[in-house]
């Protein structure tokens with residue numbers, strides 16, 4: 012009896028990198044498994060040694076994308092030695108700069124997938140919802156600290172405000188992609204975000 016070959020973490024990483032690049036550029040429906048494995052430089056048959064289905068792979072790519080965001084910029088949100096509002100501004104400025112470096116062509120992979128996933132992609136859709144909740148929780152923690160710094164109590168919850176901030180950000184990303192312009196990002200940073208923070212009784 013053949014013994015299954017143990018999974019190679021380097022191959023898994025190459026598959027995830029390929030999937031992230033291809034999905035970000037063209038979406039999940041336009042990309043097949045063979046293109047993913049060709050881009051990763053691995054045999055097509057090896058894909059199923061790592062993932063049961065394309066949907067499971069999409070879910071893993073979502074995790075991979077989020078891990079990259081946190082790895083690159085997570086400290087901007089979690090460094091409690093820095094004032095909370097400054098952390099929020101620095102985090103979104105860093106994301107805006109990434110979009111500028113890509114010429115505003117690709118948008119946000121998480122936001123793009125939110126528009127593309129359907130009930131047929133249940134596993135991936137639930138994973139995306141989990142990631143959005145994690146993102147909201149990080150922003151919510153900043154908002155909680157910001158409120159404590161100014162000793163203010165407000166009826167709007169930080170969870171609600173964090174979700175609104177993400178929703179406004181994704182709108183700015185979408186408009187920036189359409190216009191190929193940084194203007195929507197700057198509008199978010201100078202108008203939308205300050206007004207949302209004012210709702211939380213926190214000044215920029």
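Residue numbers (the numbering used here): 12 to 215. For each residue, glycine too, the CB sits at the ideal point set by N, CA and C.
Using a Cβ-Cβ cut-off of 7 Å (strictly less than) and excluding sequence neighbours within five positions of residue i, which residues of its own chain qualify?
| i | result |
| --- | --- |
| residue 174 | 147 |
| residue 195 | 183, 186 and 187 |
Between which two residues does the alpha helix (DSSP H) containing residue i stretch?
| i | result |
| --- | --- |
| residue 177 | 169 to 190 |
| residue 68 | 65 to 89 |
With DSSP collapsed to three states, give me the class of residue i.
| i | result |
| --- | --- |
| residue 201 | helix |
| residue 20 | helix |
| residue 98 | helix |
| residue 118 | coil |
| residue 42 | coil |
| residue 52 | coil |
| residue 159 | helix |
| residue 93 | coil |
| residue 37 | helix |
| residue 193 | coil |
| residue 59 | helix |
| residue 138 | helix |
Here's a check: name, in chain order, each residue in its chain whose Cβ is nearer than 8 Å to the Cβ of residue i, leaving out the five neighbours to either side.
| i | result |
| --- | --- |
| residue 13 | Unreliable positioning characterises residue 13 in this predicted model, as indicated by a pLDDT of 39, which lies under 50. The coordinate reading is nonetheless provided below. Excluding sequence neighbours, residue 13 sits near nothing in its chain. |
State the CB to CB distance for the pair residue i and residue j, rounded to an integer number of angstroms; the pair is presumed to be in contact (CB under 8 Å).
| i | j | result |
| --- | --- | --- |
| residue 40 | residue 127 | 7 Å |
| residue 80 | residue 157 | With a Cβ gap of about 21 Å, residue 80 and residue 157 do not count as contacting. |
| residue 87 | residue 68 | Incorrect: roughly 29 Å between the Cβ atoms, too far for contact. |
| residue 27 | residue 53 | That pair is no contact at about 12 Å. |
Once you ignore the five residues that flank residue i on each side, which residues in its own chain have a CB closer than 6 Å to its CB?
| i | result |
| --- | --- |
| residue 150 | 173 and 176 |
| residue 107 | 196 |
Please find out if some non-hydrogen atom of the ligand PLP comes closer than 7 Å to the beta-carbon of residue i.
| i | result |
| --- | --- |
| residue 76 | As far as ligands go, the structure on display features none, and thus does not contain the ligand PLP. |
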